[in-house]
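Asks: Would you mind keeping the following structure in view while I ask a few things?
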Amino acid sequence: MSDVLSRILETKRRKVERARSTISIEMIERAARDERGRRTPHSFRAALAQEGINIIAEIKRASPSKGTINADIDPATLARRYAAGGAAAISVLTEEDHFRGSLDDLRAVRAAIDLPILRKDFIFDEFQIYEAAAAGADAVLLIVAALDEATLARLRSVAEGLGMDALVEVHTVEELNRAHACGASVIGVNNRNLRTFEVSLRASEEVAQRARDGVLLVSESGLSDEREIESLTRMGYRAFLIGEALMRAPDPADLLRRLRRAQR
Ligand SMILES: O=C(O)c1ccccc1NCC(=O)[C@H](O)[C@H](O)COP(=O)(O)O
Numbered sequence: 001m002s003d004v005l006s007r008i009l010e011t012k013r014r015k016v017e018r019a020r021s022t023i024s025i026e027m028i029e030r031a032a033r034d035e036r037g038r039r040t041p042h043s044f045r046a047a048l049a050q051e052g053i054n055i056i057a058e059i060k061r062a063s064p065s066k067g068t069i070n071a072d073i074d075p076a077t078l079a080r081r082y083a084a085g086g087a088a089a090i091s092v093l094t095e096e097d098h099f100r101g102s103l104d105d106l107r108a109v110r111a112a113i114d115l116p117i118l119r120k121d122f123i124f125d126e127f128q129i130y131e132a133a134a135a136g137a138d139a140v141l142l143i144v145a146a147l148d149e150a151t152l153a154r155l156r157s158v159a160e161g162l163g164m165d166a167l168v169e170v171h172t173v174e175e176l177n178r179a180h181a182c183g184a185s186v187i188g189v190n191n192r193n194l195r196t197f198e199v200s201l202r203a204s205e206e207v208a209q210r211a212r213d214g215v216l217l218v219s220e221s222g223l224s225d226e227r228e229i230e231s232l233t234r235m236g237y238r239a240f241l242i243g244e245a246l247m248r249a250p251d252p253a254d255l256l257r258r259l260r261r262a263q264r
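Residue numbers (full-length UniProt numbering): 1 to 264.
Structure (structure tokens):
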């Protein structure tokens, strides 16, 4: 596991332990089921399988690779701009120490827009999936590099049991094989190497060549212009996750519209 990932997981473990000592797993599970029952849940997978270019627009205040990106945004206002630009779904980074996100950001986005929401965090415990659902998320991120096979499979089925999707993230073909083994049907390919922070579309290219039929692939990270989207659509991608470029764009709705017009 990369050093950065180990450091993030270490701080996250302490946070989850603290949260678990204030609210029981039964209570958070009940809150999750209540929230899922209160509204017609959105299908993250269906939103990404629509015709054309489907973009998951991310709310990302800061990151380990870039430091502060745009820390003072109002998540609800930004999410409305993303929706106006035709985003298929919204990703909210909820990790606090390295990305300056929070579950409050996710709740604010849930109250503001009517699109599927992904909780983007470092998830290793079902408690975090219940927290995500209780805050209004429709999908969670599961990072293959951070989880053993049994945990990956268990967390995926906890998400499914709540009617949520799991975006199972890989960076290499070896990780893709582990994602296949756990039955993942939505697989995100992170173009960013989490050890070196180097970004290359080769990751998306290599994984696309080995992905099983029927799996919905999402190309993630380092995307900012039409040419990259065009080249990825030629590899078979129709779903993309974009953070920093949208966070820095003077008019994120306009950038989304331009990217969605990219041609094969
Ligand atoms: O972005 C980072 O520096 C980072 C470092 C360590 C673990 C995860 C990291 N990012 C999470 C993401 O997956 C990205 O936020 C997401 O794919 C969007 O990437 P980008 O469009 O490059 O902001």
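Each residue gets a CB set at the ideal place from its N, CA and C atoms; glycine is no exception.
Going by the beta-carbon positions, is the gap between Phe-127 and Ala-19 smaller than 8 Å?
Replies: Yes, they are a contact pair.
Asks: Which term fits Glu-51, buried or exposed, when burial requires 16 or more other beta carbons within 10 angstroms of its beta carbon?
Replies: Exposed, by the Cβ-count rule.
Asks: Can at least three beta-carbon pairs, one atom from the segment 165-181 and one from the segment 59-66, be found at a separation below 8 Å?
Replies: No, the segment 165-181 is not in contact with the segment 59-66.
Asks: Suppose the cutoff is 6 Å on Cβ atoms and the five residues either side in sequence are ignored; what does the same chain contact list for His-98 look like?
Replies: Result list for His-98: Ile-8, Pro-64, in chain order.
Asks: So what does DSSP say about Ser-185, is it helix, strand or coil?
Replies: In the structure shown, Ser-185 sits in coil (DSSP, three-state: anything other than H, G, I, E or B).
Asks: Give me, in chain order, the residues of the same chain whose beta-carbon lies closer than 8 Å to that of Ala-137; leave out the 5 immediate sequence neighbours on both sides.
Replies: Within the same chain, Ala-137 has close Cβ partners Val-92, Leu-106, Arg-110, Ile-117, Leu-118, Arg-119, Met-164.
Asks: Going by DSSP, what residue range makes up the beta strand (DSSP E) through Ile-55?
Replies: Its beta strand (DSSP E) spans residues 54-59.
Asks: Between which two residues does the beta strand (DSSP E) harbouring Phe-44 extend?
Replies: Run containing Phe-44: none in the beta strand (DSSP E); it sits in the alpha helix (DSSP H), 44-48.
Asks: Please report the straight-line C-alpha distance between Ala-181 and Val-144, rounded to a whole angstrom.
Replies: Whole-angstrom Cα-Cα distance: 11 Å.
Asks: Could you pull the start and end residues of the beta strand (DSSP E) that Leu-167 belongs to?
Replies: Per DSSP, Leu-167 belongs to the beta strand (DSSP E) from 165-170.
Asks: To the nearest whole angstrom, what separates the beta carbons of Ile-242 and Glu-58, a pair I think is in contact under 8 Å?
Replies: Contact flag correct, Cβ pair sits at about 6 Å.
Asks: Quick check on the burial criterion: 16 or more other C-beta atoms within 10 angstroms. Buried or exposed for Val-158?
Replies: Result: buried.
Asks: Could you tell me if Ser-204 is buried or exposed, where buried requires 16 or more neighbouring beta carbons within 10 angstroms of its beta carbon?
Replies: Under this definition Ser-204 is a buried residue.
Asks: Who does Glu-220 pair with in a DSSP beta bridge?
Replies: BP columns for Glu-220 point to Asn-190, Leu-241.
Asks: Can Leu-223 be considered in contact with ligand 1, in the sense that its beta carbon sits closer than 7 Å to one or more heavy atoms?
Replies: Flag set: Cβ of Leu-223 near ligand 1.
Asks: How about Asn-70 and Arg-238: do their beta carbons lie closer than 8 Å?
Replies: Cβ atoms of Asn-70 and Arg-238: not closer than 8 Å.
Asks: For ligand 1, any of its heavy atoms closer than 7 Å to the Cβ of Pro-75?
Replies: Because no heavy atom of ligand 1 lies under 7 Å away, the Cβ of Pro-75 does not count as near it: no.
Asks: My output table needs one value for Lys-15: the three-state DSSP class, helix, strand or coil.
Replies: Three-state DSSP puts Lys-15 in a helix.
Asks: Does the distance from the C-beta atom of Pro-252 to that of Arg-81 stay below 8 Å?
Replies: In this structure, Arg-81 lies closer than 8 Å to Pro-252 by Cβ.
Asks: Under three-state DSSP, which class holds Ile-143?
Replies: Note: Ile-143 maps to strand in three-state DSSP.
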